[in-house]
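For reference, the structure discussed in these notes is given below.
Residue numbers (our numbering): 32 to 229.
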């Protein structure tokens, strides 16, 4: 049975795929609006992990809605959760998808679905929604990552990645410049997978 893992090229989605590898055929799926070549960034990480990979295009209206939420709120939580919900639902609607895997951890605040949102997607679309890391806190995830993955970490603005924030940042940059990015996006560390430990 195939499990479709939402894949940003970061450690959480990569570790989720590795944890499920003994039980399912794994495909990594990177969602994009086509603003930047994030699919290519993720494809290289997927190759290093040894998993099949594909890119799923999302409706540009979702990005515009997220942009509106970001500008209204002044911070990205609602905007990124909006994109994440659309990504899960879009993947779950595909004919050959029966399991959608989300790399969220127990202590993640963004991106996350509410229990109601995930149940609604499962019930309406007849899929299974899995979060293998939901029971793990950051320190436990870091321990597993240290044993299974080679990663690069750095400030979100500097790390090559294929997450939702990357394209959202880009449209803010295109419309408002660098200064607005600094105002809207808090400084935080993110990861990019560069290899898998043997």
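Idealized CB from N, CA, C, for every residue including glycine.
Have a look at residue i and residue j and give me their C-alpha separation to the nearest angstrom.
i	j	result
residue 144	residue 208	30 Å
residue 100	residue 135	21 Å
residue 73	residue 127	21 Å
residue 40	residue 159	22 Å
residue 178	residue 51	16 Å
residue 151	residue 131	13 Å
residue 224	residue 124	28 Å
residue 96	residue 211	18 Å
residue 82	residue 43	15 Å
residue 80	residue 45	8 Å
residue 92	residue 106	19 Å
residue 195	residue 142	9 Å
residue 147	residue 200	28 Å
residue 117	residue 180	28 Å
residue 198	residue 108	15 Å
residue 110	residue 140	12 Å
residue 161	residue 149	9 Å
residue 32	residue 98	36 Å
residue 170	residue 55	26 Å
residue 204	residue 76	25 Å
residue 153	residue 35	14 Å
residue 64	residue 94	7 Å
Could you work out which residue in the options is closest to residue i when comparing CA atoms only?
i	options	result
residue 88	122, 186, 56	122
residue 129	58, 168, 219	58
residue 119	139, 175, 62, 70	62
residue 189	174, 165, 155, 218	218
residue 182	228, 112, 70, 54	228
residue 138	187, 168, 84, 68	168
residue 186	174, 204, 213	213
residue 206	171, 184, 102, 163	102
residue 191	38, 69, 36	69
residue 67	35, 78, 175, 86	86
residue 226	64, 155, 47, 78	78
Opposite residue i in the DSSP bridges: which residues?
i	result
residue 180	227
residue 126	For residue 126, which the question treats as bridged, DSSP gives no partner whatsoever.
residue 159	130
residue 186	220
Could you give the DSSP three-state label for residue i: helix, strand or coil?
i	result
residue 102	helix
residue 32	coil
residue 88	strand
residue 117	helix
residue 175	helix
residue 215	helix
residue 203	helix
residue 152	helix
residue 232	No answer is possible for residue 232: it lies beyond the span of the chain, which begins at 32 and ends at 229.
residue 137	coil
residue 94	helix
Kindly indicate if chain B contains any beta-carbon less than 8 Å away from that of residue i.
i	result
residue 49	Among the chains of the structure shown, chain B does not appear; only one protein chain is present.
Worksheet item: In the region 35-86, which residue ranges form an unbroken alpha helix (DSSP H) of at least 4 residues, counting only runs that do not cross its ends?
Response: Annotation: the region 35-86 contains the following complete segments of the alpha helix (DSSP H) (minimum length 4 residues), in chain order: 42-51, 69-80.
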